[in-house]
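Position in the sequence shown counted from 1, then plus 4, gives you my numbering.
From the three backbone atoms N, C-alpha and C, an ideal C-beta is built for every residue, glycine too.
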Amino acid sequence: MNMTTALRRALQQNPDRALTIFGPRTRTVRESADRIARLAGGLAALGVARGDRVAILALNSDRYHEYLLAVPWLGAVVNPCNIRWSAAELGYALRESETKVLLVDSAFAAMLPALREQWDGLETVVYCGDGAAPDGCVEYEQLIADASPILDVDCGPDDLYGVFFTGGTTGFAKGVMLSHRNMIASAMGSLATLDFVVRGGRLLHTAPMFHLADIATWNAGMMAGSTHVIVPSFTPSSVVGAIAEHHVTDVLLVPTMIQFLVDSPAIESADLSSLRGVVYGASPISAALLQRARKAFPAARFVQAYGMTELSPVATLLSPEDHDDPQLTGSCGRGAIHVEVRIVDSSGKEVPRGTVGEVLVRGENVMIGYWGRPGDSAEALRGGWMHTGDGGYMNDAGYVFIVDRMKDMIISGGENVYSVEVENALARHVAVAACAVIGIPDNQWGERVHAVVVLHPGAQLSVDELQESCRSHIAGYKVPRTVEFVDALPLSGAGKVLKRELRERHRSGTGSQIS
Numbered sequence: 005m006n007m008t009t010a011l012r013r014a015l016q017q018n019p020d021r022a023l024t025i026f027g028p029r030t031r032t033v034r035e036s037a038d039r040i041a042r043l044a045g046g047l048a049a050l051g052v053a054r055g056d057r058v059a060i061l062a063l064n065s066d067r068y069h070e071y072l073l074a075v076p077w078l079g080a081v082v083n084p085c086n087i088r089w090s091a092a093e094l095g096y097a098l099r100e101s102e103t104k105v106l107l108v109d110s111a112f113a114a115m116l117p118a119l120r121e122q123w124d125g126l127e128t129v130v131y132c133g134d135g136a137a138p139d140g141c142v143e144y145e146q147l148i149a150d151a152s153p154i155l156d157v158d159c160g161p162d163d164l165y166g167v168f169f170t171g172g173t174t175g176f177a178k179g180v181m182l183s184h185r186n187m188i189a190s191a192m193g194s195l196a197t198l199d200f201v202v203r204g205g206r207l208l209h210t211a212p213m214f215h216l217a218d219i220a221t222w223n224a225g226m227m228a229g230s231t232h233v234i235v236p237s238f239t240p241s242s243v244v245g246a247i248a249e250h251h252v253t254d255v256l257l258v259p260t261m262i263q264f265l266v267d268s269p270a271i272e273s274a275d276l277s278s279l280r281g282v283v284y285g286a287s288p289i290s291a292a293l294l295q296r297a298r299k300a301f302p303a304a305r306f307v308q309a310y311g312m313t314e315l316s317p318v319a320t321l322l323s324p325e326d327h328d329d330p331q332l333t334g335s336c337g338r339g340a341i342h343v344e345v346r347i348v349d350s351s352g353k354e355v356p357r358g359t360v361g362e363v364l365v366r367g368e369n370v371m372i373g374y375w376g377r378p379g380d381s382a383e384a385l386r387g388g389w390m391h392t393g394d395g396g397y398m399n400d401a402g403y404v405f406i407v408d409r410m411k412d413m414i415i416s417g418g419e420n421v422y423s424v425e426v427e428n429a430l431a432r433h434v435a436v437a438a439c440a441v442i443g444i445p446d447n448q449w450g451e452r453v454h455a456v457v458v459l460h461p462g463a464q465l466s467v468d469e470l471q472e473s474c475r476s477h478i479a480g481y482k483v484p485r486t487v488e489f490v491d492a493l494p495l496s497g498a499g500k501v502l503k504r505e506l507r508e509r510h511r512s513g514t515g516s517q518i519s
């Protein structure tokens, strides 16, 4: 089985089912499969060979869906680019992976001169936007029209499916190599563990399709017979409108998106009754926000997925039933059916239940390694387990609770402080819209707990009031000693808070006024 198997199966069993909906365009399985085979033929005519990397820099669209299937159809390797990155960062990823062909849409076509300066090995650019192609680019629709369809090369399970560059939250980007086996294991394990998506339902793509969280959900949807409803990017109005118009049954969201949705007046009058499943993850969610989300979408079953790019990406799942247990709302669930999970100390020894250590994962979803980085690969995969770098503990029933990135743990006055716990306490105040907690240098305490807070529009809150609110939920030494109010938090393309950037601001002295 490989990443094109689900398409071939759908073509055999239900060719006239709607497969993609994007704006006014609806394409059936048959139409989509024909275009994918022709796109593969067109890329082959451009010189793309088996194993070559083909990148894409674009907003979500039905053409992104075609790219994710056409590239493996001819045996090449996908390389989805982070739409939030600068030309220098993108050029690094293209150069590092030796990518010679890039698909780009109208939102990013202006970056092409800078990208070519960064990587002179970029031989061909395919313009996958609407309208006329920029000079020097091959036009996507013309490429498909001129090409003959080719047969699927039928990749083997251990062939490389994609190189996914990660590093937006923790530092220098590394290319994660994922095989067809890795991707299939994660999707099938998620579907076998619980009702990850509705069979034969309509799956909305509003999270960026370059990110593995959305690609993994798309992959599961392909296996489950979903129709893929796609909007270019996230806005509350586009999500609400798509759910109501297309009777969407499933959606993947990150907590920042959920926050924007529940704060939006658009949800008050829209018919969202078709929504049956909300999968969320990528960063921690506060108990207060989760409660608001469940109230906003009362017919939806909520599933939390925890994982990382290196795990293709799913490791644990918190079921809808688990969400009804107040003792488990802080958990990211139990290991999905395709993985084993351990919590270990610094020597690699498994710790007693309830003790914080590093989360390790083993299974067929674990990456091949990092592109061109054998040393980093060996370090991350030592002993046959993926060392996630996440700190957490496991209870007696096997539920995992993530407390922090190991490198984000704050040691203040000799006490360990986990930022997630403090963020949950902050978020309980009605005036707080979003927050992040970091450790910053302190002469007396070594590090002090520092909160960066975004307030709801029109809300007013003093530092003293916020600190007092926190003291009613957490120990005094965990309460932020300093608080910084900002208009917005820096986010990665996947909606994760860039704590590294927050820390860098304070090291460079460019942080906002601190109280």
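Name the DSSP beta bridge partners of R29, please?
The residue labelled residue 29 in the question sits at position 25 within the sequence shown. For R29, which the question treats as bridged, DSSP gives the partners F26.
Check your understanding: Could you give the uninterrupted runs of the beta strand (DSSP E) lying entirely in the segment 25-73, keeping only those of 3 residues or more?
Key -> Under the rule that a run must span 3 or more residues, the beta strand (DSSP E) segments found entirely inside the segment 25-73 read 29-32 and 57-61.
Unbroken beta strand (DSSP E) run spanning R346, endpoints: Position 342 of the sequence shown holds residue 346. First-last of the beta strand (DSSP E) with R346: V343 to V348.
Below 8 Å on the Cβ atoms is my contact criterion, and I expect M181 with W375 to pass it. Report the Cβ-Cβ distance as a whole number of Å. Locating residue 181 in the sequence shown gives position 177, where the first residue counts as 1. Locating residue 375 in the sequence shown gives position 371, where the first residue counts as 1. The Cβ separation is near 5 Å, so the contact holds.
Residues of its chain near A10, where Cβ-Cβ distance is below 6 Å and the 5 sequence neighbours each way are ignored: Position 6 of the sequence shown, counted from the start, is the residue given in the question as residue 10. Residues M226 and M227 of the same chain have their beta carbon placed closer than 6 Å to that of A10, with the five preceding and five following residues left out of the count.
Option nearest I406 by Cα separation, candidates S423, E419 and I415: Position 402 of the sequence shown holds residue 406. Among S423, E419 and I415, the Cα nearest to that of I406 is on S423.
query = Which one or two residues does DSSP pair with A440 in a beta bridge?
reply = In the sequence shown, residue 440 corresponds to position 436, counting from 1. In the DSSP output, where bridge partners are listed per residue, A440 has V456.
Rounded to whole angstroms, how far is the Cβ of V441 from the Cβ of A463, which I believe are closer than 8 Å? Reading the sequence shown from its first residue, position 437 is the one you call residue 441. Reading the sequence shown from its first residue, position 459 is the one you call residue 463. Distance from V441 to A463 at the Cβ level is roughly 19 Å; contact not present, criterion being Cβ atoms closer than 8 Å.
Beta carbon of D156 nearer than 8 Å to that of W77
Mapped onto the sequence shown, residue 156 falls at position 152. Mapped onto the sequence shown, residue 77 falls at position 73. Between D156 and W77, the C-beta gap is smaller than 8 Å, which places the two residues in contact.
Review point. Where do the ends of the alpha helix (DSSP H) carrying V243 lie?
Key: Residue 243 sits at position 239 when you count from the first residue of the sequence shown. Run containing V243: P240 to H250, per the alpha helix (DSSP H) assignment.
Quick one: what does DSSP say Q331 is sitting in, helix, strand or coil? For the purposes of this step, residue 331 is identified with residue 327 of the sequence shown, where counting begins at 1. Shown here, Q331 sits in coil according to DSSP, grouped into three states, outside any helix or strand.
Discussion item. Could you tell me the alpha carbon to alpha carbon distance between Y481 and S416, rounded to whole angstroms?
Written reply: Translated into positions along the sequence shown, residue 481 becomes position 477. Translated into positions along the sequence shown, residue 416 becomes position 412. Those two C-alpha atoms are separated by around 8 Å.
Per DSSP, what are the beta-bridge partners of H391 in this structure?
For this step, residue 391 is matched to residue 387 along the sequence shown. Its beta-bridge partners are L364.
### Query
In whole angstroms, what separates the C-alpha of P317 from that of Y310?
Residue mapping note: residue 317 aligns to position 313 of the sequence shown, counting from 1. Residue mapping note: residue 310 aligns to position 306 of the sequence shown, counting from 1. Looking at the two C-alpha atoms, the distance is approximately 8 Å.
Inset, instruction - Have a look at R203 and V483 and give me their C-alpha separation to the nearest angstrom. - result: Locating residue 203 in the sequence shown gives position 199, where the first residue counts as 1. Locating residue 483 in the sequence shown gives position 479, where the first residue counts as 1. Taken atom to atom, the span from the alpha-carbon of R203 to that of V483 is near 45 Å.
Exercise for the section: Could you pull out every residue in the same chain whose Cβ sits closer than 8 Å to the Cβ of L15, ignoring the five residues on either side in sequence? Expected result: Counting from 1 along the sequence shown, the entry for residue 15 is found at position 11. Counting only Cβ-Cβ distances below 8 Å, and skipping sequence neighbours, we find V33, R34 and A37.
Practice task
Using the Cα positions of A384 and I347, report the straight-line distance between them to the nearest angstrom.
Solution key: Along the sequence shown, read from residue 1 onward, the residue named residue 384 stands at position 380. Along the sequence shown, read from residue 1 onward, the residue named residue 347 stands at position 343. When only Cα atoms are considered, A384 and I347 end up about 15 Å apart.
- Item | Simplified DSSP state of K500, which is helix, strand or coil | Taking the sequence shown and counting its residues from 1, the one referred to as residue 500 is at position 496. Coil, per DSSP.
Mapping the DSSP letters down to three states, classify P76 as helix, strand or coil. Residue numbering aside, residue 76 sits at position 72 when the sequence shown is read from its first letter. Of the three classes helix, strand and coil, the one that applies to P76 here is helix, per DSSP.
Check: Is it true that the CB of L119 sits closer than 8 Å to the CB of L94?
Finding: As a working note, residue 94 is residue 90 in the sequence shown. As a working note, residue 119 is residue 115 in the sequence shown. Contact: yes.
message: Using CA atoms only, rank isn't needed, just tell me which of D56, Y68, K411 and G55 is closest to R39.
response: Numbered from 1 along the sequence shown, position 35 holds the residue referred to as residue 39. Taking only the C-alpha atoms, the option nearest R39 is Y68.
Practice prompt. Kindly list the residues whose CB is nearer than 6 Å to the CB of V343, restricted to its own chain and excluding five residues on each side of it in sequence; keep chain order.
Written response: Walking along the sequence shown from the start, residue 343 turns up at place 339. Within its own chain, the residues whose Cβ lies closer than 6 Å to the Cβ of V343, once the five positions on either side in sequence are excluded, are A319, V365 and G367, listed in chain order.
_Pop quiz: G79 and C159 are said to be a contact at Cβ under 8 Å. What is the actual Cβ separation, rounded to whole angstroms?_
Counting from 1 along the sequence shown, the entry for residue 79 is found at position 75. Counting from 1 along the sequence shown, the entry for residue 159 is found at position 155. Contact flag correct, Cβ pair sits at about 6 Å.
| said: Excluding the 5 residues flanking R475 on each side, which residues of the same chain have their C-beta closer than 7 Å to its C-beta? | reply: Working through the sequence shown from its first residue, we reach residue 475 at position 471. The beta carbon of R475 is closer than 7 Å to those of V483 in its chain, skipping five residues each way along the sequence.
- Would you call the CB atoms of F264 and P240 closer than 8 Å? What you label residue 264 is simply residue 260 of the sequence shown in a count that begins at 1. What you label residue 240 is simply residue 236 of the sequence shown in a count that begins at 1. Yes, the Cβ-Cβ distance between F264 and P240 is below 8 Å.
| request: Inspect the CB distances between the segment 233-251 and the segment 205-218 and report whether three or more fall short of 8 Å. | output: Enough Cβ pairs lie closer than 8 Å, so yes.
For the candidate residues W123, V81, R42 and V52, whose alpha-carbon lies nearest to that of M7? Start at 1 with the first residue of the sequence shown, and residue 7 comes out as number 3. If we check each option's Cα against that of M7, V81 comes out closest.
Practice problem: Kindly indicate which residue of N83, K104, C439 and R386 has the alpha-carbon position closest to the one of S183. | Solution: Position 179 of the sequence shown, counted from the start, is the residue given in the question as residue 183. The candidate whose alpha carbon is nearest that of S183 is N83.
| message | Using a 10 Å radius around the Cβ and a threshold of 16 neighbouring Cβ atoms, would you call G175 buried or exposed? | response | On the sequence shown, residue 175 is found 171 positions in, with the first residue counted as 1. Below a pLDDT of 50, predicted positions are generally treated as unreliable, and G175, at 49, falls in that range; the measurement from the model is reported next regardless. Around the beta-carbon of G175, fewer than 16 other beta-carbon atoms lie within 10 Å, marking it exposed.
At what residues does the beta strand (DSSP E) containing S183 begin and finish? Sequence index remark: in the sequence shown, residue 183 carries index 179 (1-based). Counting along the chain, the beta strand (DSSP E) containing S183 begins and ends at K178 to S183.
Where the beta strand (DSSP E) containing P84 begins and where it ends: For this step, residue 84 is matched to residue 80 along the sequence shown. Taken as a continuous stretch (DSSP letters only), the beta strand (DSSP E) holding P84 covers V81 to P84.
Can you give the Cα-Cα distance for T173 and N420, rounded to whole angstroms?
-> Locating residue 173 in the sequence shown gives position 169, where the first residue counts as 1. Locating residue 420 in the sequence shown gives position 416, where the first residue counts as 1. Bear in mind that a pLDDT of 40 at T173, under 50, signals an unreliable position, so the number given afterwards is only what the model happens to contain. About 21 Å.
Query - G373 - DSSP class collapsed to helix/strand/coil - result: Position 369 of the sequence shown holds residue 373. Here G373 carries a strand assignment [DSSP, helix/strand/coil].
Q.
As an exercise, report each continuous beta strand (DSSP E) stretch of at least 3 residues that is fully enclosed by the segment 261-327, in chain order.
A. Runs of the beta strand (DSSP E) inside the segment 261-327: 281-285, 305-311 and 318-322.
inquiry  = Rounded to the nearest angstrom, what separates R21 and V252 at their Cα positions?
reply    = Locating residue 21 in the sequence shown gives position 17, counting from the first residue. Locating residue 252 in the sequence shown gives position 248, counting from the first residue. Approximately 15 Å between the Cα atoms of the pair.
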